[in-house]
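Residue numbers (the working numbering), protein chains in the order written: chain A, 12 to 305; chain B, 12 to 305; chain C, 12 to 305; chain D, 12 to 305; chain E, 12 to 305.
In structure tokens, the structure reads:
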């Protein structure tokens, strides 16, 4: 069975193959579109599939943060031929094709299609785990040191989860299509395997939903911690004011050019007044403490 | 009827049984996966089921808080054999199997499957009750003493509820499958019992939804209490300022090196001024009180 | 036609009746469960129904607040017998049975079942009206006097609405079951009446949804009023500061032990300075007023 | 064809008509209920419909604000008779019947039913437009002058939109019923017209959804403007404090009864110190400005 | 095949064509309505379609901001005629018709209908891209310089996205109708092309949903930045108070007319006290720094 492994959808060999195997022009156009989405389309005599395996690419600025990168892989699986189009420089597409390559050309195209899809779905698990790690990390940081850039990291992860979720939803629909479609290329024997893939993708989607919930929790913690900090600042300000108040009021009173103030002429006046001022301050602080302020 | 009670999915006896009873390799793989999810899969000549009974494990740091722990139990129920795989050190799986064990080997596998599922669903009720207690406790605490760690407890419970909800949703789907599937192992006589289990799980899910609502209320109360406290702090600051103002302003005025201030030369000047200052302070406090400030 | 009116599901007579009329053990178990939920279950030769009529019980602490209380009523309606189980000390179940009792034993059980359900649904209307009154009352209070205990009342009502909603949803499903089920005990002539009950319950559910919306509005008003009050407090603080500022600054300046201050030696210095201080204060207040502060 | 135009559902003539045309007692009861909801019910030999045309009634306190008022209209449309019950003092029901009246008695009842429904749906458009105007007005006000009573207006409109939405949803379902019901009184020729009505109501519902979205935006703007104002107040307070600080601190220093202060004995001391104080204030204000505070 | 290209729905030629080709009066009325919505309606012998191509119109006040403008285009596609009604002064409708015009009159009307719809859907992509740019721009601005007018821009975009979303949802439904309707004008050969259009619109709708999510994120960032700024202002106020406190308290103390203050009579008293004051201030600032305040 011939297996054509193209590296670029714009390769003129694709046009020849399209003529030879009577591929639908819309599928060729799809394969050549930059931003194609995951899908499976069952034609009269072959199945066209687009998948998007993922790999993690470390952020050049922050090596501990990796962003998921999707590289499309196009597959035309007929009864007696297989055409795959994938960028050979992407680790994810290479890995996706390798297992199928090991099984070689003697397998049926539908088996190869299944093997490729299975490997691709397995690649999503480490990506999800990386999101779990990042969110755990965020949760720890937001509790110990909430700062505005946390917000930016939350929204970066949110954006990536939106993308990942869309790819997974489409992959789930694609595997459902392979399962349910009456003209599906997958025969009855391999249906349980495709159903198994479907279950895996459904579980991945569950995890993504949980991660979205957890991210929203992190956002709530952040916002409430800002409110809490304002509260703390206000308290410090009020305690400062409380400490200063007796000193200012009493020293103001004894600064008046009036007669008849107590201890005004006593040689130890300053000491008596200092003692009285400190007493007032302690009393006020004690009152605040009883009101459970600090 | 033989009942094989394995304690570990990696037991090589499972491979022998798989050969003997022609078990599907995907089911064996599922049973050996660490993080399998609840499901029922009806094969040609047997039914494969994964359930997740729950038990509460006290938090080592805080003994009053228990977290729900799920331990998987795998069941292969054929017409004339039953294979169960469960960790014997978990109280929940042990309890789930015990009732079926009491009824012994002379029962039909489908009856045993039903008994196990019924016991497992009964185990969820105390877990839900424990959540109820914890949320009631949270609500009391958030009203009397709102502190930032409340937030962390809210989100811990939220996370556990997300997990519990997913297990319950899958258990509900599994019991629906046992009920609706045309090839279901459960015969017509026992269908009402499975429907009863379905109703119980649906009721549990209802409770989980209510608990999520109540948790969100607790969060709202917490956030509004933070806003309220800021408000209170501001009021105390303002009242302090109000008390200090007359003393500071009047003592400032009499501290000026100017001539012509009233009572400047009176021997009882200090007393008059003190009286006037106290009067101003009382007047200001009265005004604030009339504006319903304290 | 015999009508057995039991007062307690644990009455041993129920066991005799179960034997006599061949009642399903699951239904007996359901009737004896403390927290059973509303449902209709059509068996082979009779219909089992659980309803939950409501009555309002005044709060002992606050007589103007009544909480809805649900008392279950169990009904076994066969072709030639009727069994009802209801606590005779509850006003709601008593009222629900009274109308059916008036029509007496000569009616068909299905007619009695319909009459009981109809009366029960009518009992929900005053409960909903009471919620309307309480929410209107809350809305008035939250605008005139927002205080933290409002929050608690909002969440109490929310919780009660969650319970009421669940009972209504189940009652709606039960009446749909009585309408749609091919083996329904209700004959074609009475179907329009059951459809009418269904419409009433649907309308009640609409009202509950509206009330939940209105409660959320009340919560928003409360939270924004807290923010507004903080705002007001801040303004008063700032205005106080504004009034104090000129007095403090000018009196401070004239308190300096320096030479060359204007009017320092004038016999009317104090008057000039007082006039100047008041002028500055008025100017500042005027500026704040122009910035639309009070 | 006889057309009975009743003005009150309690008119005893309705009982006579009910007997004559064999109207279902539930329909009569519905017509006599105060708070009936929009519906279409196809009986054996006639169709019973309740619609709720709307008209705008100006608020007596604020003439620019009009609230939507719904007046029910009941219709019994048989093959050879038409009964309408509508309050003749309401402008909306009068308008709804007028067009049908112009076409006169020689039309088929189903045509008249269609004409009435069409007019009623047309009456919703100006109501929706009025909501648009009020929301636009709110948006302008909330940006220029956010005040707490805005909140009350937002929630009044929200409440009215909830009511309007419910009427529209029921009207949409009623027109769907007229379209889909196999026993519908509307014949195939007029089906496109009913579908057209359905499209109009769907469009109205779309608008209501958009208006709810816009109202929520207005609420967000209001809440954020409160937070912004608190912010502004805080800034003014801080700027006031900044202006006062140098004057207070320096005048305090020169008020000390100490020796060795610079310029203490200079005849132009006050001038030097005043200059220095103003310099400090300007410097502080400049620093705040550089931090983009005002 | 005749192709009538009208420029205005009120053109009397439309009435002639309606008579000639037996067009339904409701369709004519629809075409003449100002605010018609996107739809496809399959009649007995022709298909009536309304589409709404979009073009971007720069905001006269702010040239970098363009708002999407929708211009309706009405199409009557029969087996042997085509009528299009479109404003010739709109760039979008002109572009939508141009490609079909190039293919000329010799094509089948259904092919022309497809070509027009395809071009219209292609026109939505740059509009979506422009939204992407504006939201990216907003996100940058909200982080560097959050100001209240950001809020207004967020809500303007929200409003436009609501409109765009509604047009897209209707366009998706219209293309689904062209695909599924048994009497569809599109033949089997062209069905894959219509399905392709459907996929494109679904992808556009996905993007709009993502953009709504991102806008909500921007709103959250804005609101939290307001809270953060209040926090910052409070901190500056507290730091100012901290700096002022020692100077005010100590100078107040030495302003008292008392005897017995240390260094009162020392010739270098001022210097000692100045040194002590500065020491206190530095100590307080150091404490604040250790509490991680700045």
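Glycine included, C-beta positions come from ideal geometry on N, C-alpha and C.
Requested in this report: Would you mind telling me which residues of chain B sit closer than 7 Å to residue 169 of chain C, beta carbon to beta carbon, in chain order?
Outcome: Ordered by position in chain B, the residues that pass the 7 Å Cβ test against residue 169 of chain C are 228.
**Report entry** Test item: CB-CB of residue 211 of chain E and residue 132 of chain E under 8 Å
**Finding:** Against a cut-off of 8 Å, the Cβ pair of residue 132 of chain E and residue 211 of chain E comes out as a contact.
Query raised in the report: On the three-state DSSP scale, how would you describe residue 3 of chain E?
Result: One cannot answer for residue 3 of chain E here, as it falls past the ends of chain E, which runs 12 to 305.
Query raised in the report: Would you call the CB atoms of residue 282 of chain C and residue 271 of chain B closer than 8 Å?
Result: Yes, the pair counts as a contact, with Cβ atoms nearer than the cut-off.
Query raised in the report: In three-state DSSP terms, what is residue 16 of chain E?
Result: Residue state, collapsed to three classes: strand.
Query raised in the report: Quick one: any contact between the segment 88-96 of chain E and the segment 232-242 of chain E, if contact means 3 or more CB pairs under 8 Å?
Result: Counting C-beta pairs closer than 8 Å gives fewer than three between the segment 88-96 of chain E and the segment 232-242 of chain E, which falls short of the contact rule.
Report task. Report yes or no: is there a C-beta of chain D within less than 8 Å of the C-beta of residue 258 of chain E? Result -> Yes, contact with chain D.
Query raised in the report: Taking Cβ-Cβ distances shorter than 9 Å, what residues in chain D pair up with residue 204 of chain C?
Result: Within 9 Å Cβ-Cβ: 37.
Query - Nearest-angstrom Cα separation, counted from residue 42 of chain B out to residue 109 of chain B - result: Cα-Cα distance, rounded: 21 Å.
Query raised in the report: For residue 367 of chain B, which residues of its own chain have a beta-carbon under 7 Å away from its beta-carbon, when the five flanking residues on both sides are left out?
Result: Since the first and last residues shown for chain B are 12 and 305, residue 367 of chain B lies out of range.
Requested in this report: Taking residue 173 of chain A as the query, report the chain E residues whose CB atoms sit under 9 Å from its CB, ordered along the chain.
Outcome: Those within 9 Å of residue 173 of chain A in chain E are 220, 221, 224 and 225.
Query raised in the report: Can you name the residues that DSSP bridges to residue 56 of chain C?
Result: Residue pairing from DSSP leaves residue 56 of chain C without any beta-bridge partner.
Query raised in the report: Mind listing which residues of the segment 278-305 of chain E have their C-beta closer than 7 Å to chain D's C-betas, in chain order?
Result: For the segment 278-305 of chain E, the set of positions with a beta-carbon nearer than 7 Å to some beta-carbon of chain D reads 278, 279, 280, 281, 282 and 284 in chain order.
Query - C-alpha distance - residue 177 of chain A paired with residue 201 of chain A, whole-angstrom precision - result: Cα to Cα, the separation comes out at about 26 Å.
Query raised in the report: Around the C-beta of residue 255 of chain B, are 16 or more other C-beta atoms found within 10 angstroms, so that it is buried, or is it exposed?
Result: By the neighbour-count criterion, in which a residue is buried when 16 or more other Cβ atoms sit within 10 angstroms of its Cβ, residue 255 of chain B is buried.
Query raised in the report: For residue 134 of chain B, which residues from the same chain have a beta carbon less than 8 Å from its beta carbon, with the 5 sequence-adjacent residues on both sides left out?
Result: Answer for residue 134 of chain B: 64, 65, 66, 103, 106 and 107, listed in chain order.
Query raised in the report: Using a C-beta to C-beta distance shorter than 9 Å, which residues of chain D count as neighbours of residue 166 of chain E?
Result: Residues of chain D passing the Cβ test: 150, 225, 228, 229, 231 and 232.
Report task. Please check the pair residue 266 of chain E and residue 258 of chain A, which I expect to be a contact at CB under 8 Å, by giving their CB distance rounded to whole angstroms. Result -> The Cβ separation is near 11 Å, so there is no contact.
Report task. List the residues of chain A whose Cβ lies closer than 9 Å to the Cβ of residue 235 of chain E, in chain order. Result -> Within 9 Å of the CB of residue 235 of chain E, the CB atoms of chain A belong to 159, 162, 230, 233, 234 and 237, in sequence order along the chain.
Requested in this report: Check each candidate in A:27, A:112 and A:21 and name the one with the smallest Cα separation from residue 12 of chain A.
Outcome: When the alpha-carbon of residue 12 of chain A is set against those of A:27, A:112 and A:21, the nearest one is in A:112.
Query - Proximity test, Cβ basis, 8 Å: residue 12 of chain D and chain E - result: Proximity of residue 12 of chain D to chain E, defined by a Cβ-Cβ separation below 8 Å, is not satisfied.
Query - Helix, strand or coil at residue 271 of chain C according to DSSP, with G and I counted as helix - result: For residue 271 of chain C, the three-state secondary structure derived from DSSP is coil.
**Report entry** Identity of the residue in E:70, E:94 and E:74 nearest residue 33 of chain E by Cα
**Finding:** Nearest of E:70, E:94 and E:74 to residue 33 of chain E, Cα basis: E:94.
Report task. With distances taken Cα to Cα, identify the nearest neighbour of residue 148 of chain C among C:85, C:217 and C:165. Result -> Ranked by Cα distance from residue 148 of chain C, the first of C:85, C:217 and C:165 is C:165.
Report task. Express the C-alpha separation of residue 180 of chain D and residue 222 of chain D in angstroms, rounding to a whole number. Result -> Cα to Cα, the separation comes out at about 15 Å.
Query - Residue interval of the alpha helix (DSSP H) (run including residue 188 of chain C) - result: Counting along the chain, the unbroken alpha helix (DSSP H) around residue 188 of chain C starts and ends at 159-191.
Requested in this report: Check the Cβ of residue 214 of chain A against every Cβ in chain B and list those closer than 7 Å, keeping chain order.
Outcome: What residue 214 of chain A touches in chain B, judged by beta-carbon distance under 7 Å, is 48, going in chain order.
Query raised in the report: Taking Cβ positions only, does residue 275 of chain D come closer than 8 Å to chain C?
Result: It does: the Cβ of residue 275 of chain D has a partner Cβ on chain C nearer than 8 Å.
**Report entry** Cut-off 8 Å between Cβ atoms - residues of its own chain near residue 169 of chain B, not counting five sequence neighbours on either side
**Finding:** Cβ neighbours of residue 169 of chain B beyond the five flanking positions: 223 and 226.
Report task. With DSSP as the reference, please indicate the residues paired to residue 79 of chain A in a beta bridge. Result -> DSSP, once it has assigned bridges, lists A:67 as partnering residue 79 of chain A.
Query raised in the report: Do residue 145 of chain C and residue 73 of chain C have their CB atoms nearer than 8 Å?
Result: No. Outside cutoff.
Query raised in the report: For residue 44 of chain A, which three-state DSSP category applies?
Result: Secondary structure of residue 44 of chain A (DSSP, three-state): coil.
**Report entry** Contact list for residue 246 of chain D against chain E, beta-carbon separation under 8 Å
**Finding:** Within 8 Å Cβ-Cβ: 244.
Query raised in the report: Exposed or buried, which one is residue 122 of chain C when buried takes at least 16 other CB atoms within 10 Å?
Result: Buried.
Query raised in the report: Does residue 97 of chain B get closer than 8 Å to chain A when you measure Cβ to Cβ?
Result: Not one beta carbon of chain A lies nearer than 8 Å to the beta carbon of residue 97 of chain B.
Report task. For chain E, find out if any of its Cβ atoms is closer than 8 Å to the Cβ of residue 58 of chain D; answer yes or no. Result -> Cβ-Cβ to chain E under 8 Å: no for residue 58 of chain D.
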